[in-house]
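Below is one structure; the comments refer to it alone.
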Amino acid sequence: MADEPLVLGIETSCDETGVGVVRGHTLLADAVASSVDDHARYGGVVPEIASRAHLEEMVPTIERALAEAGVAAADLDAIAVTAGPGLAGALLVGVSAAKAYAYALGKPLYGVNHLASHICVDQLEHGPLPEPTMALLVSGGHSSLLLAPDITADVRPLGATIDDAAGEAFDKVARVLGLGFPGGPAIDRLAREGDPEAVRFPRGLTGPRDAPFDFSFSGLKTAVARWVETQRAAGVAVPVADVAASFQEAVTDVLTRKAIRACRAEGVEHLMIGGGVAANSRLRAMAEERCAAAGITLRVPRPKLCTDNGAMVAALGAEMVARNRQPSAWDLPADSSLPVTRPHVPAGHHH
Amino acid sequence: MLLLALDTATPAVTVALHDGERVLASSGEVDARRHGELLLVAVDRVLGEAGRPLREVTALVVGTGPGPYTGLRVGLATAQAIGAARGLPVYGLCTLDGLAYATGLGEPFVVAADARRKEVYWARYADFRTRTSGPAVDRPGELPAEVAALPAAGAGARLYPEFFPGLRADLPEHVAAGALAALAAERLAAGEELPPPRPRYLRRPDAKVPTGYKAVTRG
Ligand SMILES: [Zn+2]
Numbered sequence: 001m002a003d004e005p006l007v008l009g010i011e012t013s014c015d016e017t018g019v020g021v022v023r024g025h026t027l028l029a030d031a032v033a034s035s036v037d038d039h040a041r042y043g044g045v046v047p048e049i050a051s052r053a054h055l056e057e058m059v060p061t062i063e064r065a066l067a068e069a070g071v072a073a074a075d076l077d078a079i080a081v082t083a084g085p086g087l088a089g090a091l092l093v094g095v096s097a098a099k100a101y102a103y104a105l106g107k108p109l110y111g112v113n114h115l116a117s118h119i120c121v122d123q124l125e126h127g128p129l130p131e132p133t134m135a136l137l138v139s140g141g142h143s144s145l146l147l148a149p150d151i152t153a154d155v156r157p158l159g160a161t162i163d164d165a166a167g168e169a170f171d172k173v174a175r176v177l178g179l180g181f182p183g184g185p186a187i188d189r190l191a192r193e194g195d196p197e198a199v200r201f202p203r204g205l206t207g208p209r210d211a212p213f214d215f216s217f218s219g220l221k222t223a224v225a226r227w228v229e230t231q232r233a234a235g236v237a238v239p240v241a242d243v244a245a246s247f248q249e250a251v252t253d254v255l256t257r258k259a260i261r262a263c264r265a266e267g268v269e270h271l272m273i274g275g276g277v278a279a280n281s282r283l284r285a286m287a288e289e290r291c292a293a294a295g296i297t298l299r300v301p302r303p304k305l306c307t308d309n310g311a312m313v314a315a316l317g318a319e320m321v322a323r324n325r326q327p328s329a330w331d332l333p334a335d336s337s338l339p340v341t342r343p344h345v346p347a348g349h350h351h
Numbered sequence: 001m002l003l004l005a006l007d008t009a010t011p012a013v014t015v016a017l018h019d020g021e022r023v024l025a026s027s028g029e030v031d032a033r034r035h036g037e038l039l040l041v042a043v044d045r046v047l048g049e050a051g052r053p054l055r056e057v058t059a060l061v062v063g064t065g066p067g068p069y070t071g072l073r074v075g076l077a078t079a080q081a082i083g084a085a086r087g088l089p090v091y092g093l094c095t096l097d098g099l100a101y102a103t104g105l106g107e108p109f110v111v112a113a114d115a116r117r118k119e120v121y122w123a124r125y126a127d128f129r130t131r132t133s134g135p136a137v138d139r140p141g142e143l144p145a146e147v148a149a150l151p152a153a154g155a156g157a158r159l160y161p162e163f164f165p166g167l168r169a170d171l172p173e174h175v176a177a178g179a180l181a182a183l184a185a186e187r188l189a190a191g192e193e194l195p196p197p198r199p200r201y202l203r204r205p206d207a208k209v210p211t212g213y214k215a216v217t218r219g
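So the sequence lines, in the order shown, correspond to chains Z and P.
Counting in full-length UniProt numbering, the first sequence runs from 1 upward without gaps.
Counting in full-length UniProt numbering, the second sequence runs from 1 upward without gaps.
In structure tokens, the structure reads:
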């Protein structure tokens, strides 16, 4: 519909410079410039390298997104930007550019929450979010279970990782197996040729007295490293595909089990999975199976919308406009630890 | 000509509007930790004080550093985005040149800004318009002796007076956007082509992967 809000969204919380354009629930453009290759040799995202790349790519990516969407900047109803959480210096490039862009165009600005955006992006794939929605967000930076009765105003954290994020565990195990960075896609690929039952790796925080919705992946990572070292010390060839498959099985088992338990505990019938790890094929397959068995409707956006991108920020911005939420002010700060309970940062609501 | 100038490469967040003849309005606030929050509010205030809307601006001038990176990028991202949104040219000038221009000195001198980590960003000038070496980043004790002995301006010189015997406390501490704009206006009027707004980092990035970033969703 032409009267749905036309919004441009900017995302720079980590290593992707993302700019998306949406009209309501319709994706018009999703331009991404990634600096991931520059970080590969360090085995993780280097903040200063990411920030420099954001500054270089910011305006070209905005212009690419507008061209891709076939809209003029003057026709936008609002500009949305990730205000946090994320890497402080990286966020600041996007926030500065978004504020200036909105100001120069005379458009309202919405500083929004990165995690809420990961949830809201599913509106571009599967239409309006059911209320409430249960969300499992898994990436290199976060692993959390969130209950979202209203994605623009009410998001409640049920649990999160107490140590490594799920994606981080993938990266670290990939390093142990000599598969390079980022580890997720490499392990996913290799695991298809391996036996997921070959090694029974530990499932963290699944005991009866453990926090039901929190995650822990650091013990798993250590167990994999130790197992591999033992094999090597004994002069036995490491069955890399089996280890990858068994590790991946342990991660996805815990993630899906806890997500479904959270749905049951809260009486929620819809589960969405977002974040970079949601691109993992085993996680998607296992979630489908277990949700079907539990009578829960599963929503997972296509992989490109699961990783960090500007379209997800635009999607949440469009929802803010549609629900008449208050825009942000020109002194909107980049907040590296913006709590998930704040889906956006309206004027006068920081400091 | 209506130039909007801004600089965030030093602890100062500074904005000025210049019509080619003089500064119409300006703003300077010193707060090294809040560049991102202060800059656009200052732009809005300066335009308001001058009574000129943004659509009358013909070009932007931004300080390209050298300066602490996070703050430096606020000014560059802001200038580039305003330029893109309004289809305006954006020029980049060395921040130390702006500071040098403000001294008005007709003799050789040195400008030094605080580069943190016990270093200074510095450049040497023959007079207030002419840079003869730099910008560079060094420990203050490692500057060539004949440069360190010159009259010195800037926060870097004030921070290490033992290495800058020619320190002149009457000269500016930080860059002011008014001076940056005046310098740009002068060069544009002379038919000079000004450089694009590219950051002068002078150092390679610290290649350190942070630990503890995953905790963002807790608490
Ligand atoms: Zn993310």
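Built from N, CA and C at the ideal position, the CB exists for glycine as well.
Every value quoted in this text rests on a predicted model; they were computed, and no experiment measured them.
Segment limits, alpha helix (DSSP H) that includes residue i
i, result
"residue 283 of chain Z", "281-294"
"residue 274 of chain Z", "That residue, residue 274 of chain Z, is in no alpha helix (DSSP H); its beta strand (DSSP E) goes 270-274."
"residue 185 of chain Z", "183-191"
"residue 106 of chain Z", "No alpha helix (DSSP H) contains residue 106 of chain Z, which DSSP labels as neither H nor E."
"residue 314 of chain Z", "310-322"
"residue 227 of chain Z", "218-233"
Closer than 8 Å to chain Z by CB, residue i
i, result
"residue 218 of chain P", "Confidence is the limiting factor: at residue 218 of chain P the pLDDT is only 29, short of 50, which leaves the residue's position unreliable, though a coordinate-based value still follows. Output row for residue 218 of chain P: interface = yes."
"residue 144 of chain P", "no"
"residue 33 of chain P", "no"
"residue 85 of chain P", "yes"
"residue 164 of chain P", "no"
"residue 51 of chain P", "no"
"residue 135 of chain P", "no"
"residue 44 of chain P", "yes"
"residue 152 of chain P", "no"
"residue 116 of chain P", "no"
"residue 2 of chain P", "no"
"residue 13 of chain P", "no"
"residue 69 of chain P", "yes"
"residue 200 of chain P", "no"
"residue 74 of chain P", "yes"
Close-in-space but distant-in-sequence residues of the same chain around residue i (CB under 7 Å, 5 per side omitted)
i, result
"residue 12 of chain Z", "54, 82, 90, 91, 93 and 94"
"residue 69 of chain P", "201"
"residue 302 of chain Z", "125"
Limits of the unbroken beta strand (DSSP E) element including residue i
i, result
"residue 146 of chain Z", "143-150"
"residue 157 of chain Z", "154-160"
"residue 23 of chain P", "23-30"
"residue 39 of chain Z", "Per DSSP, residue 39 of chain Z belongs to no beta strand (DSSP E); it is in the alpha helix (DSSP H), 36-39."
"residue 204 of chain P", "Unbroken run through residue 204 of chain P: none, as it is neither H nor E."
"residue 113 of chain P", "109-114"
"residue 43 of chain P", "Segment 35-50 is the alpha helix (DSSP H) holding residue 43 of chain P; no beta strand (DSSP E) there."
"residue 18 of chain P", "12-18"
"residue 134 of chain Z", "133-138"
Beta carbon proximity, residue i to chain P, threshold 8 Å
i, result
"residue 99 of chain Z", "yes"
"residue 89 of chain Z", "yes"
"residue 51 of chain Z", "yes"
"residue 63 of chain Z", "yes"
"residue 331 of chain Z", "yes"
"residue 96 of chain Z", "yes"
"residue 105 of chain Z", "yes"
"residue 58 of chain Z", "yes"
"residue 334 of chain Z", "yes"
"residue 234 of chain Z", "no"
"residue 48 of chain Z", "yes"
"residue 73 of chain Z", "yes"
"residue 179 of chain Z", "no"
6 Å CB neighbourhood of residue i in its chain, flanking five on each side removed
i, result
"residue 106 of chain P", "127"
"residue 154 of chain Z", "none"
"residue 111 of chain P", "96, 99, 100, 123, 153 and 154"
"residue 238 of chain Z", "228 and 231"
"residue 100 of chain Z", "none"
"residue 268 of chain Z", "132 and 134"
"residue 174 of chain Z", "183, 186 and 187"
Own chain, CB closer than 8 Å to residue i, minus 5 neighbours either side, in chain order
i, result
"residue 253 of chain Z", "203 and 286"
"residue 220 of chain P", "Residue 220 of chain P lies beyond the residue range present for chain P, which begins at 1 and ends at 219; the question has no answer from this structure."
"residue 165 of chain P", "148 and 149"
Would you be able to state if there are at least three C-beta pairs under 8 Å between the region 130-144 of chain P and the region 173-188 of chain P? no
Mind listing which residues have their beta carbon within less than 6 Å of any non-hydrogen atom of ligand 1? Chain order is fine. Z:114, Z:118, Z:139, Z:141, Z:275 and Z:308
Cβ contact check for the region 163-174 of chain P and the region 2-17 of chain P: 3 or more pairs under 8 Å: yes
Should the region 187-194 of chain Z be called in touch with the region 206-224 of chain Z, which here means at least 3 C-beta pairs below 8 Å? no
Three Cβ pairs or more, each shorter than 8 Å: is that satisfied between the region 16-35 of chain Z and the region 59-70 of chain Z? Pairwise C-beta distances place the region 16-35 of chain Z in contact with the region 59-70 of chain Z, as three or more of them are shorter than 8 Å.
Inter-stretch contact at 8 Å, needing at least 3 Cβ pairs: the region 299-318 of chain Z / the region 108-124 of chain Z: As far as the Cβ criterion goes, the region 299-318 of chain Z touches the region 108-124 of chain Z, which means the pair count is three or higher.
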